[in-house]
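Working notes, structure below.
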């Protein structure tokens, strides 16, 4: 199911938007930082034509100071952007620097005694293109461009009203407005398509790793998760426990009552187990009527207590009015030492414990 995207070209699901935007900005940093540095240096180099075209020292000092201030701010962004945690803080910094760029342009424009209006409009268009080139939130791009352009034309009218015809002034407004509209539409389409593709790929990934009946992750995803937690446990010396359990007499239930009832049994048992485990635990379908629980930061004694509560909850509740249900549990623990060194060995250890539970009369927890 496609995730809704708002008119501001962001996922309506804030958690999904943050996840996507963080990943997208992280990838963009590879070219974003060089681009910021390039624009900062380019802006500074324009001081050369400033010195050639302006003879009065006072406006030259103002222009030089303005360009240096922008350079310093851009360099601060260049060096610190990679350490910023939140994508929204990054966007706020980028937008602030862009607004400073517009302000710098207007201040410098004001220092010229007889600026060429259309050349200044061209400069404004280049800044607009730069704003839409640097990755940012789409709404920030549009607002920043509108504020910057509006401020420029107010300043241009105040300075050049008696020296420029209405038609030329209006032409400049139309050109820049068209550039903003075209850039906004182009970037909107690009950002929208990226998010749509991300949502589709995420949904496909979820489908490929999710059991359709129970909604749990499947065996392939379980192996991936278990491998990740085993590496984490080995690195940070934290306990990790794996529980493997199955439904007692499940074959008899299927044969006696049919597979639809068997499916209902699995769904109800999984619902009961979900209520008993923690948010940090990972519940997965191993295959058939076998399920696993990955319990990070949990030693064998803690896992025994939790598993015993789960066992009692399943056997004591009337999950199915027609018959009593129960499960058998096998527990294996991993500490980074001992015989267990890989995912397969870890699962085999839990499977051996489950086999002991089945041979001990069922509805028990063994390790």
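Residue numbers (this note's numbering): -5 to 361. Just so you know, even glycine gets a beta-carbon here, dropped at the ideal spot from N, CA and C.
Residue i versus residue j - alpha carbon distance
i	j	result
residue 129	residue 182	12 Å
residue 238	residue 198	27 Å
residue 280	residue 233	22 Å
residue 3	residue 132	7 Å
residue 306	residue 220	26 Å
residue 49	residue 150	21 Å
residue 135	residue 226	40 Å
residue 167	residue 160	11 Å
residue 83	residue 47	39 Å
residue 206	residue 296	31 Å
residue 162	residue 80	44 Å
residue 91	residue 193	31 Å
residue 191	residue 291	36 Å
residue 185	residue 20	15 Å
residue 202	residue 59	58 Å
residue 342	residue 29	53 Å
residue 141	residue 98	13 Å
residue 354	residue 247	20 Å
residue 315	residue 8	42 Å
residue 66	residue 179	32 Å
residue 127	residue 331	52 Å
residue 93	residue 138	6 Å
residue 211	residue 118	53 Å
residue 370	residue 15	The question about residue 370 has no answer, for the chain in this structure spans -5 to 361.
residue 273	residue 175	46 Å
residue 110	residue 51	20 Å
Member of the options whose CA lies at the smallest distance from the CA of residue i
i	options	result
residue 344	81, 327 and 169	327
residue 259	283, 73 and 274	283
residue 303	358, 165 and 156	358
residue 173	269, 121 and 18	121
residue 264	241, 296 and 247	241
residue 18	347, 85, 96 and 208	85
residue 165	113, 64 and 268	113
residue 286	273, 325 and 319	325
residue 323	309, 335 and 316	309
residue 338	110, 69 and 224	224
residue 64	361, 32, 299 and 153	32
residue 312	266, 144, 333 and 271	266
residue 145	107, 110 and 103	103
residue 236	261, 277 and 214	277
residue 257	89, 218 and 209	209
residue 321	262, 335 and 228	262
Beta-bridge pairing of residue i - partner residues as DSSP gives them
i	result
residue 68	In the DSSP output, where bridge partners are listed per residue, residue 68 has none listed.
residue 327	235
residue 360	324
residue 141	Residue 141 is not bridged to any residue.
residue -1	5
9 Å Cβ cutoff, residue i in contact with chain D
i	result
residue 134	Of the protein chains in this structure there is only one, and it is not chain D.
Terminal residues of the beta strand (DSSP E) in which residue i lies
i	result
residue 281	276 to 281
residue 284	284 to 290
Where residue i falls: helix, strand or coil (DSSP)
i	result
residue 78	coil
residue 240	strand
residue 208	coil
residue 173	helix
residue 314	coil
residue 267	helix
residue 107	coil
residue 152	helix
residue 159	coil
residue 52	helix
residue 130	coil
residue 166	helix
residue 181	helix
residue 187	helix
residue 252	coil
residue 100	helix
residue 272	coil
residue 37	helix
residue 23	helix
residue 319	coil
residue 73	helix
residue 293	coil
residue 203	coil
residue 245	helix
residue 333	coil
Residue i, enclosing alpha helix (DSSP H) - first and last residue
i	result
residue 4	Note, residue 4: premise wrong, no alpha helix (DSSP H); not H, not E.
residue 217	213 to 230
residue 340	337 to 353
residue 47	41 to 47
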